[in-house]
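Okay, so here's the structure we're looking at.
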Amino acid sequence: MEKIVLIGAGGHALGVIDSIQSCQKFEIVGITELDYVAGKKVLGYGIIGNDDVLKSVFDSGVKNAFIAVGSIGNPSLRIKLYYMLKRQGFALPAIIDHSSNIGSDILLGEGIYAGKNTVINAGSTIGDMAIINTGAILEHGCCIEEFTHIGPGAVICGNVKIGARTHIGANSTVIQGVTIGDNCLIGAGSVVAGDVASKVVAYGNPCKRVRNNA
Ligand code: JB2
3 MEKIVLIGAG GHALGVIDSI QSCQKFEIVG ITELDYVAGK KVLGYGIIGN DDVLKSVFDS
63 GVKNAFIAVG SIGNPSLRIK LYYMLKRQGF ALPAIIDHSS NIGSDILLGE GIYAGKNTVI
123 NAGSTIGDMA IINTGAILEH GCCIEEFTHI GPGAVICGNV KIGARTHIGA NSTVIQGVTI
183 GDNCLIGAGS VVAGDVASKV VAYGNPCKRV RNNA
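Letter by letter, the sequence shown follows residues 3 to 216 in my numbering.
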């Protein structure tokens, strides 16, 4: 198995660790944390220091890293960590849970997370660092751009396009053929039946714009 270091040991990391274990491809060597506490473990894996240790981790031969910090509406920390890891030379593999059902002709970018019981149907494209969270369904021909997070249980129907850095709240439904822009926040449980412009906060059934997203 190849070695991998994880960044962040909060809630999102718990599912990520389960998924890494489920696919038996990577051996987790440890986790870096902003609030480093010596001796602390998460699901049996040690917190090895703050991000300053990553250089020595890389130099020791661990070339894979995974950002296990999530995002709810603001992916700026994930973006910052992504560029830090790229500068240091790490590879950021996609982590696809063993239970995930991935169709044919799928393009997956780097650093993607697809959690338990996700479905990504044929002909879809997932941009770098996107999160397809537990139980989310992406139907055929979808395009999800970088740093976008599809929340747990969301249903994205066929040929939907979702821009970069957008968050689709848990259990939302996006009807076929809809386009949602960049930097949007779609509230949990929304039903999105029409296009949504970039930089918008919207929610409800039918999903309506409530304000601009800063
Ligand atoms: O710069 C950093 C850094 N900033 C925060 N470097 C490293 N190595 N770690 C950092 N952290 C750490 O990430 C925090 O100290 C904290 O332990 C962790 C974030 O944990 P938290 O549980 O607050 O958020 P999360 O991103 O893991 O999970 C959120 O997003 C998920 C998508 C939660 O809201 C979850 O419920 C949600 N499923």
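Backbone N, C-alpha and C define an ideal beta-carbon position, used for all residues, glycine too.
Remark: three or more beta-carbon pairs, one from each stretch, lie closer than 8 Å, so the stretch 116-131 and the stretch 89-102 are flagged as touching. The beta carbons of Met131 and Arg89 sit no closer together than 8 Å.
Taking C-beta atoms under 8 Å as the contact rule, Asn215 and Asn185 qualify, at a distance of about 6 Å. For Thr175, the distance from the CB to the nearest heavy atom of the ligand JB2 is not below 7 Å.
For Ile177, there is no enclosing beta strand (DSSP E), since its DSSP letter is neither H nor E.
For the ligand JB2, a non-hydrogen atom lies closer than 7 Å to the CB of His14. Cβ-Cβ distances below 6 Å link Gly153 to Asn135, Ile170, Gly171, Ala172 in the same chain, with the five nearest sequence neighbours on each side left out; the list follows chain order. Note: Val44 is bridge-paired with Tyr47 in the DSSP secondary-structure output.
For Gly179, the CB contacts under 6 Å within the same chain, skipping 5 residues up- and downstream, are Asn161 in chain order. Distance from Lys5 to Val31 at the Cβ level is roughly 5 Å; contact confirmed, criterion being Cβ atoms closer than 8 Å.
Between the alpha carbons of Leu16 and Leu45 lies a distance of about 7 Å. If the five residues before and after Pro77 are omitted, its C-beta is found closer than 6 Å to the C-beta atoms of Phe149, Arg167, all from its own chain and listed in chain order.
Asp54 has its CB no nearer than 7 Å to any heavy atom of the ligand JB2.
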